[in-house]
Every structure is written in structure tokens, then in C-alpha cells.
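Chemist: Quick note on numbering: the sequence shown equals residues 576 to 1503 in our numbering. A virtual CB, placed ideally from N, CA and C, is assigned to each residue, including glycine. Since the model is a prediction, treat every value here as computed from it, not as a measurement. Pasting a structure here, questions to come.
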Amino acid sequence: MPQPLEPEVMDHPAQSATMMERLAGLDWSATPLGGRAGWPQSLRTTVDIMMGSGHAMCLAWGPERTFLYNDAYAPFLGARHPSALGKPFADVWPEIWDDIGPLVSRVFGGETTSFRAMPLVMTRNGYAEDTWWDFSYSPVRDEAGTVAGLLNVAADATPRILAELERAAATEKLRLSEAVAQENIQRVQLALGAGAIIGTWFWDIVADRFTVDEPFAKAFGLDPTLGREGIPLAQIVETVHPDDQAGLADAINEAVARGGAYAHQYRVRRLDGNYYWLEANGRVDHAPDGTPISFPGVLIDIEDRRAAGLERDRMVAALATSEARFRALFENIDAGFCISEVKFDEAGHPVDHRVIEANPAFERHTGLSDAVGRYASEVAPGIEQHWHDAYGHVAKTGEPIRFEGEAKPLGRWYDAHLFPVGGGRVAMLIADTTARREAEGALARSEAKWRNVFETLHEGFILGEVIRDTAGRVVDWRYEAVNDAWHDLVGVPRGTATGRTIREVFPGIEDAWVDEFASVVETGKAARFTRRVGTIDRWYDGVAQPIGGDRFTVFFIEVTERIKRDRRQATLLTLADELRGRSDLETIITAAARCLADGLEVDRVGSGIVNLREDTIDVHSEWAEPGMPSVVGRHAFSSYGSYIADLRRGELVAVDDVGSDPRTSSREAGFAAIRTRSFLDLPISFDGRLYAVVFAHARDFHVWTDGERQFVEQVGDRVRVALTRQRMEDAQRVLTQEMAHRMKNSLAMVQAIATQTLRQAQTMDEAREAISSRLAALARAQDILTRSNFTEADVHEVIDAAIAPHRLAGDRIAMAGPHAELSAQRALGLSLAIHELATNAAKYGALSNETGRVAMTWEAANGTFEFRWIESGGPPVIPPERRGFGSKLIERIVASYFDGEGHIDFDPAGIRFTLTGALEQPVVTSNA
């Protein structure tokens, strides 16, 4: 527990130093603030404002609440000055810390607190004393926008409160005394009215005979008969109080000698044995020669009147003392005080007020040295109407008011308290608040600047405080403050987080979000984190730092896309490794689907082989979340919308909502059956043909992001690369086999051409010319077969060029069909087929003898193509025991180029070959 500061000797010579000198002379390196050279600008600015102010101010800075104050505040410390400088705030005021400690904590939480006349019991001069304080606690923020200090603008209200208490007590006593006096006066009046005269006397001075009436005798216990006959004066004097006898004798002797009226008050013993106050009233008559001859008179009971008089005298004395005390307070209080008369216009509106009395402090606070007796409009021209209105309100209603207002002609702000004092007059207590407002304004502007910086940060910010259970373990933490960026980054509406715990804002959040920040608070060490909030599916990267006690701060950014991008990149690398060893379409698309499952957060992924003739897809494999029905099997694209056209074009199909997308809205029921609301289809195409689809399904509405689309397209790129590699490897194998086969066929073709030519030639020159022309035709066909840079060719040209090397004398080869454009792939395939058939015919078939014929016809319509090769007149055809490469080439490979079928019929009358398939380009013309 902090120990109270030891009081210092008040007349120590060092106490004459100013606080600026003490500030400069203190070894700050021994305090938590460190050397002044290392102080932040926010602390320096606040200290400069405080030291330059004439108002009492103190400052508590940093986690230790290091205490600084100015000259005006020093008297408040009493014997604790100057040792309080640089000490912790709690050590300076230990006896009131239970009262102000919670207020200090609230201010360091960002709240401004103001109090007026707050009672505190202080021990600042070695003894406990009741004090009252007016003060305002304001937070001071550092360069980072964090509350680093507390600025207290204070005023000791004790003199004012004591004066108000004394005035109230005196007023109450006066009221009571006046009531008593009034009561006594009423009693005297009642006594006189009822005959308060006790009795009468007559003194014959010449005969020295003193007679009294019967009431007089009875009041003093005398014999009435004796009273009528005469009683010695000495016997009457014996009833007088001993302290009053000498005075009575002197008064009687003086009246007798002087003559005339007589009046004297004294105490006498009455019949009940008690002394009462009486007043004797009489007259001494003298003879013409001046000799006293008689002294008649009456006795009046003045006991009650005397008591009332004494009370009145006491009250007057008390009032005089109270007035002197109040006058001294009036003349010496720090607050300005004045009493004014209000001037109203004919309509009863206040238009001015005149000061009729003011204390010295009024001049100090206003700067007006000649205000008494003059109107405000004279001494402060242009004074605001609200001052007249305030005076008028109090004068008319008798209701006191208090406000803070500006007097522009004086260039000052005041805390004003107006109250009635009787006779239509109004009293005002004022305190100049200009310096305080300027300091608060400077602090507000500084705070606004840092608040603006705080709110415009793109990084999210949290000021939090951990929550512990009864055993002291951290079980949660509360948001004390967040900036606008926090709301944007976590998707929580503004104004809904402060004051709530993280478990309330994000029910079901991972325990790590509590445990890590608890470790920061308990170890005092900052921690960097990268973690996901599962309930909102977002990733964050940031740093948490302790700031003292159970509180901490966090700066963070959202890195969801970066994390997903990194994860997708890793899955793409894995996919590349897996595809490197894949050799067929099924395993390639299965690997691609697994990659989508790893890189996307969806409910189902899978892949399937496409049948374009039937517009169906056969799904062989899938990965699905629990509760998702299986889609393994055959599905018609038409059951799920019209997007098959997009897939055929090789376009990625991404549908956020099947119910609103025009391609799928009419098939919403079909998607509902497989519990799919959003989906993404990746077409696997090669050479313009759709082979397969890899898909991803989400059961709920899902907006496919650019990052997700890019990732899926990158998967497609890698699949296409793998397919290209596979095709290249397959083509290489086919090319190798074809080259071997073609070498043998080319040699056989050359031999057949030479044999047939020589057999029919008449001379060597004729044979040489015929062989050369046919070999050239064969070369042209080879050009078509090996050329790969053309895009399309006419079917008629392709067939004519392919058969040219085999044309013999006469019209043994016929061809008929329409003009139509073939793609490079289809042209090459058709050339290969004709070359193989012609080569076989030259070796074994219709072109191997003198009479055989070959007829080639084709049809092209509505996107379909059919080619027929028919031999006749050749040697009888015997079906081969084993199919060679040529048969495989024209029945399978060439047929695949046309997405169709090829069939060889070994008819004994001659070989027949039929090729059916698709024609991409429309028919141009028809030509027989």
C-alpha cells in the first residue's frame, strides 16, 4: 500500500523556488518518466500549458501516474510540497485515493470527469481536515492516440463552502433570534395590555412616610393595612437584589435632588422568593423654594421585556460579528462577487444591470476598476444580452441559476452563479475560466488530431481488458475501444462492440483468441499472430502489446485472401507434381478435382467425362461434406440449365445463385435435389473439343471471388498442359510407328509405281518420265501429310492430292462429293486414310492389276461427314489373319480425328472403307 509523503518544514528556503525551477532541477531519470530529453512531445506540450497557466493544475502521466503540478496548485499540497513532484499520484494523496482512484481509472479509459464541491477528507498538514474541491479530470493522449495522462484543472472550494455553511448557520440563528424577539415583544405588549403595572406608591418626603396600594403590598408580601398607613422606605429597599441596592439609592437621591421624572430598573424579591426585573416610574415634586415634598410613582413588571431586550442585544452583537466575518470573506475570497440592480424596459424585459457593490476579486476577474455604480453597458459596451437575461430571470423569479458564459467585450469566459439577495437585487459569484477553456480547447484539438489519426488508420485497433474468474484465470476479454477500421475488417456494425466481450461479439470463437492475449497481459511480452476467426471465416495478422494491468492493445490487418492465395499456390504445386506422373484423362481430372477440394472452401467437388453427342457427363469420383448427396453417375446437362454452350467454348462457368442466373433459373429444382445453390464448372478442352468437367458445389449462396476464379483457371491451365504433354507423347509414339510403317509403304509404293510404270511403258524415256511424275505426286501427298501450319483445306483438294501418286493410265480412279472445309486435323487424317488404302490397293488390291478400279465418294451436310472407298475389279479379297498398323490407323486413329467411326469391309469383290463423323465447318458448295 502506498505510504503518505512525509511533510516538509514549511519555511524551508527551497520552497521559494518556482515550479519551473523545480521541474528543471529534479533528476527525472530516477522517475518512471525518464530524462526530460526523452519525453514525448505530447507530455512536453501538456507540461508547458500547465506551467504557464495561472489556474491550479496537476498532471498524472504514464502507467505509474507520475505526478507533476504548477505553482498555483502547490498551496493545495500543504506540507507535501515540494516532495510530491515526480511521485506516483496514489502516493501523493493516499488518504483520498479510494475516492479519486476510480475516477483516475475512468479518465485513463478515455472519459472526461468534472465535479463541483466534491468533499474530501485530506491530511496535508499533519492533521485531517474537511475540504471541498472543484475540478475537471481530462484524458491526455500521446502520439499514438492512446490515453497517456490525466490533466486536472482544480480549485479549492473549501473557503467558499465554509463561507456558505457559516452564512447559512448565521442566517438560521438570526431567523430563530428574530422569532424569539418577536415573541418577547408580543408578550410585553400582552402584559401591558392586561395591566402589567404591579402597583403604585406615594412617598411624603417631608413626613418621610411611604405608602403603597394593595397590589404593591401583595406583590412584595407586605401587610396591605401597613401599606396604607405607611412603610419605612428601608423595608422596601430590603427586597431589592443586593447587587442593585446601591444603584437604586443613587437613582432615588439624584431624582429627589433634581426633581421631575424618575425611571430606574432593578431586581426585587417577590412573594415567591425569586428576583424579578421591575421598572419604577415616578415624579419628584418640589416646593417653590426647591424643597422636595413628594415622590409618587408606579412599579411595572419588565421581566419578559428585559429578556427580550437582552436577546435582541445578543442577536445584534452576533449579527455584527457575522457581518464582519462575511465582510472579511467577501473582501478576500478568490471568486469575484458583486450585487447588482436590474434595469427593465417598459415591456418588462431586462436591458441592463448596474453594479452597486463588488469585492476586490471582481476587479481581478473582470479587469474593471470602476464598475461600482455604473451600468454594464457603460463599463463593457457590447456586453451580450444573455447576461441581462440571466439577471432579469433571477430578479423576477427568485430562482438561482448557474452557467458558463462568454463576455466578448472583456475577452473572457466565466463560471457564473447568480442568486437573489432581496429588494429585487441579484448577487453574482464568478470565476474566470478562460485559461481552463483555452487549455481544454488545446487538449481537445490535440485529442481531435490524434483521434482523426486513430480513426483513419487502415489497420484495425483494439484496446482491451481481460476478464478473470474467481480463481484469477483469464476466461474472456472486453473491448474498451475500437476504431472504424476494426468494424470494416471484421464486418461488425459500428457501435456494437465497445463494452462487450469477444465471446459475446463472436459466439463460439476459438479459445486461442483469448489465451494468447491473456499470455500477453500476464507475461508483459508482445506477441505476433496469424489466425483465423472460424465463425466469420476470416484470417488476421497482427501484434498484441501489454499496456499495464489487465489491459492490452492490438493492431491488425485482414490477410484472408493472402492465406487462401498461399494455400491455393501450395495446392497448385502439389497438382503439378501429381500431374507429372499421370498419363490418362481420368486420373488427370481426378487430380484436378482433389486440387479444387484443397484450394476452395466448398461442400462438394468432383469430375466427369463429357459425351458431346448425348450432352451428358459421367461422374466417377467426388469429395463431399457430410449431408451432401452423391452425384456419382450419368447426368444430362439439360437437366441443370443451358450453360453447356459456355463449356463447349472452353469458358469457366461460375454461378453464384442458381435461382437468379438466367442459365440455371429454370432448373432450380434439379439443383435443389443435389443440394446445390452455387457452383463452378471448369471445362477440360483440347483442340477446341470438350472432354471433361471438374466442378465445385456449395450448398449455400456463394459469391465466387476473383481469387477463386483465378485459382480454378490456373488448375485448368495445368490440366491442359498435362493433356498437351500426354497428346504430344501419344503423337510421338504414333509418329514413330507411322514413320516405320510409312518407310516400308513408301518403298513399296515406289516399287509398285516403278513396276506398273515399266510394265506399261513402251520405251525407257517414257518409263523414266512416268516414274518421275508419280514420285512427284507422292511427294506432294507427303507434304500434305506432314504439313502442320495450315488451318483448314477443301476436302476435294485433300482427296485429289492424296490419290494423285496412284493415278494410272485411263480412268481407273473416280471421286465425287461436295466442296467442304476440313480442319488441319481432319485433312491429315483423311489423307492418311486415302494413302493407306491406295497403298494397299497398289500392293494387293484393285490397283495391283490392269483392270481394277477405285471409287471415292463423300457427303457433307448438317455438320456430319461420310467418306466411302470402294474397290472393284481387283484380285479376290482374302480377309487377313492379323490386322496391321494400317488397319488400326484408318479405323481408330483417323476416325477419332472426326469424332466418329471407321470401318473396313473385306468384301471378296473388293475392299470397302466407310468413315463417318462430325464436320466442324459448314458445306460451301456441292460438286460431283
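If you follow the beta strand (DSSP E) that residue 1480 is part of, which residue opens it and which one closes it?
Modeler: Along the sequence shown, one-based indexing puts residue 1480 at 905. Start and end: 1476-1482.
Chemist: Just how far apart, CA to CA, sit residue 992 and residue 741?
Modeler: Taking the first residue of the sequence shown as position 1, residue 992 is located at position 417. Taking the first residue of the sequence shown as position 1, residue 741 is located at position 166. Between residue 992 and residue 741, the C-alpha separation is close to 18 Å.
Chemist: Can you tell me where the beta strand (DSSP E) with residue 786 in it begins and where it stops?
Modeler: Here residue 786 refers to the residue found at position 211 of the sequence shown. Here the beta strand (DSSP E) through residue 786 covers 784-787.
Chemist: Return the CA-CA distance between residue 647 and residue 698, expressed in angstroms with no decimal places.
Modeler: Start at 1 with the first residue of the sequence shown, and residue 647 comes out as number 72. Start at 1 with the first residue of the sequence shown, and residue 698 comes out as number 123. Distance between the alpha carbons of residue 647 and residue 698: 19 Å.
Chemist: Output the distance between the C-alpha atoms of residue 1066 and residue 1039, rounded to the nearest integer angstrom.
Modeler: Locating residue 1066 in the sequence shown gives position 491, counting from the first residue. Locating residue 1039 in the sequence shown gives position 464, counting from the first residue. In a straight line, the C-alpha of residue 1066 is about 19 Å away from that of residue 1039.
Chemist: Quick one: give me the first and last residue of the alpha helix (DSSP H) that residue 1119 is part of.
Modeler: Taking the first residue of the sequence shown as position 1, residue 1119 is located at position 544. Where residue 1119 is concerned, there is no enclosing alpha helix (DSSP H), although the beta strand (DSSP E) it sits in stretches over 1113-1123.
Chemist: State the CB to CB distance for the pair residue 1181 and residue 1198, rounded to an integer number of angstroms; the pair is presumed to be in contact (CB under 8 Å).
Modeler: Looking up residue 1181 in the sequence shown gives position 606. Looking up residue 1198 in the sequence shown gives position 623. Right, their Cβ atoms sit about 7 Å apart.
Chemist: May I ask which residues mark the beginning and end of the alpha helix (DSSP H) holding residue 941?
Modeler: As a position in the sequence shown, residue 941 is number 366, starting the count at 1. Residue 941 -> alpha helix (DSSP H) spans 935-941.
Chemist: Give a yes or no on whether the C-beta atoms belonging to residue 594 and residue 645 are separated by under 8 Å.
Modeler: As a position in the sequence shown, residue 594 is number 19, starting the count at 1. As a position in the sequence shown, residue 645 is number 70, starting the count at 1. Contact: yes.
Chemist: Is the beta carbon of residue 1246 closer than 8 Å to that of residue 1270?
Modeler: Taking the sequence shown and counting its residues from 1, one reaches residue 1270 at position 695. Taking the sequence shown and counting its residues from 1, one reaches residue 1246 at position 671. Contact flag unset, no.
Chemist: Based on Cα-Cα distance, which residue from 1076, 1068, 1428, 1070 lies nearest to residue 1052?
Modeler: The count along the sequence shown starts at 1 and reaches residue 1052 at position 477. Closest by alpha carbon: 1076.
Chemist: So, with DSSP's three-state summary, where would you put residue 650?
Modeler: Translated into the one-based positions of the sequence shown, residue 650 becomes position 75. Reduced to three states, the DSSP call for residue 650 is helix.
Chemist: In the DSSP assignment, the alpha helix (DSSP H) including residue 1447 goes from what residue to what residue?
Modeler: What you label residue 1447 is simply residue 872 of the sequence shown in a count that begins at 1. For residue 1447, no alpha helix (DSSP H) run applies; the uninterrupted beta strand (DSSP E) run containing it begins and ends at 1439-1447, by DSSP.
Chemist: In or out: residue 1111 buried (at least 16 other Cβ within 10 Å) or exposed?
Modeler: In the sequence shown, residue 1111 corresponds to position 536, counting from 1. It counts as exposed.
Chemist: Between which two residues does the beta strand (DSSP E) holding residue 1037 run?
Modeler: The residue you call residue 1037 lines up with position 462 of the sequence shown. Where residue 1037 is concerned, the enclosing beta strand (DSSP E) stretches over 1035-1043.
Chemist: Please give the ranges of any beta strand (DSSP E) in the segment 971-1004, keeping only runs that are unbroken, at least 3 residues long and fully inside the region.
Modeler: 976-982, 987-997
Chemist: At what residues does the alpha helix (DSSP H) containing residue 828 begin and finish?
Modeler: Within the sequence shown, numbered from 1, the residue matching residue 828 stands at position 253. Residues 817-833.
Chemist: Assuming contact is defined by CB atoms lying nearer than 8 Å, are residue 729 and residue 710 in contact in what I supplied?
Modeler: In the sequence shown, counting from the first residue as 1, residue 729 sits at position 154. In the sequence shown, counting from the first residue as 1, residue 710 sits at position 135. Contact flag set, yes.
Chemist: CB residue 1108 to CB residue 1117, shorter than 8 Å?
Modeler: In the sequence shown, residue 1108 corresponds to position 533, counting from 1. In the sequence shown, residue 1117 corresponds to position 542, counting from 1. Against a cut-off of 8 Å, the Cβ pair of residue 1117 and residue 1108 comes out as no contact.
Chemist: Would residue 1227 pass as a contact of residue 1265 if the rule is Cβ separation under 8 Å?
Modeler: Here residue 1227 refers to the residue found at position 652 when the sequence shown is read from its first residue. Here residue 1265 refers to the residue found at position 690 when the sequence shown is read from its first residue. Contact: no.
Chemist: Taking residue 1044 as the reference, give the member of 1081, 1055, 1068, 1093 with the closest Cα.
Modeler: Your numbering for residue 1044 matches position 469 in the sequence shown. Ranking the options by Cα distance to residue 1044, first place goes to 1093.
Chemist: With distances taken between CB atoms, is the gap from residue 845 to residue 795 smaller than 8 Å?
Modeler: Numbered from its first residue, the sequence shown carries residue 845 at position 270. Numbered from its first residue, the sequence shown carries residue 795 at position 220. Taking 8 Å as the Cβ cut-off, residue 845 and residue 795 qualify as a contacting pair.
Chemist: What's the gap between the Cα of residue 1145 and the Cα of residue 1300?
Modeler: Residue numbering aside, residue 1145 sits at position 570 when the sequence shown is read from its first letter. Residue numbering aside, residue 1300 sits at position 725 when the sequence shown is read from its first letter. Computed Cα separation, rounded: 22 Å.
Chemist: What span of residues does the alpha helix (DSSP H) with residue 1152 cover, start to end?
Modeler: Start at 1 with the first residue of the sequence shown, and residue 1152 comes out as number 577. Segment 1135-1155, the alpha helix (DSSP H) holding residue 1152.
Chemist: Quick one: Cα of residue 770 to Cα of residue 923, how far?
Modeler: For the purposes of this step, residue 770 is taken as residue 195 along the sequence shown, with counting starting at 1. For the purposes of this step, residue 923 is taken as residue 348 along the sequence shown, with counting starting at 1. At residue 770, the pLDDT of 43 sits below 50, so the modelled position is not reliable and the matter cannot be decided from this model.
Chemist: The beta strand (DSSP E) spanning residue 916 covers which residue range?
Modeler: Locating residue 916 in the sequence shown gives position 341, counting from the first residue. Where residue 916 is concerned, the enclosing beta strand (DSSP E) stretches over 911-919.
Chemist: Assign residue 702 to one of two classes, buried (16 or more other C-beta atoms within 10 Å of its C-beta) or exposed (fewer than that).
Modeler: Position 127 of the sequence shown, counting from 1, holds the residue named residue 702. Classification of residue 702: exposed, given that the 10 Å Cβ count is below 16.
Chemist: If the criterion is Cβ atoms closer than 8 Å, does the pair residue 665 and residue 681 meet it?
Modeler: The residue you call residue 665 lines up with position 90 of the sequence shown. The residue you call residue 681 lines up with position 106 of the sequence shown. Not a contact, by the Cβ cut-off of 8 Å.
Chemist: Compare the Cα-Cα distances from residue 1207 to each of 1214, 1196, 723, 1215 and report the closest residue.
Modeler: As a working note, residue 1207 is residue 632 in the sequence shown. Nearest option by C-alpha distance: 1196.
Chemist: Can you tell me which of 1472, 1482, 1477, 1127 puts its alpha carbon nearest to the alpha carbon of residue 1447?
Modeler: Counting from one through the sequence shown, the residue named residue 1447 turns up at place 872. For residue 1447, the nearest C-alpha among the options comes from 1482.
Chemist: Is there at least one Cβ from chain B nearer than 8 Å to residue 1428's Cβ?
Modeler: Absent from the structure is chain B; it holds one protein chain and no more.
Chemist: Taking DSSP as the reference, what is the three-state secondary structure of residue 959?
Modeler: Here residue 959 refers to the residue found at position 384 when the sequence shown is read from its first residue. Here residue 959 sits in coil by DSSP.
Chemist: Could you tell me which residues DSSP puts in a beta bridge with residue 854?
Modeler: Along the sequence shown, one-based indexing puts residue 854 at 279. DSSP lists 840, 875 as partners of residue 854.
Chemist: With DSSP run on the structure shown, which of helix, strand or coil describes residue 625?
Modeler: Against the sequence shown, residue 625 aligns to sequence position 50. Helix.
Chemist: Between which two residues does the beta strand (DSSP E) carrying residue 1059 extend?
Modeler: For the purposes of this step, residue 1059 is taken as the residue at position 484 of the sequence shown. In this chain, residue 1059 is not harboured by any beta strand (DSSP E); it is covered by the alpha helix (DSSP H) spanning 1059-1065.
Chemist: In three-state terms, what does DSSP make of residue 950?
Modeler: Sequence index remark: in the sequence shown, residue 950 carries index 375 (1-based). Residue state, collapsed to three classes: strand.
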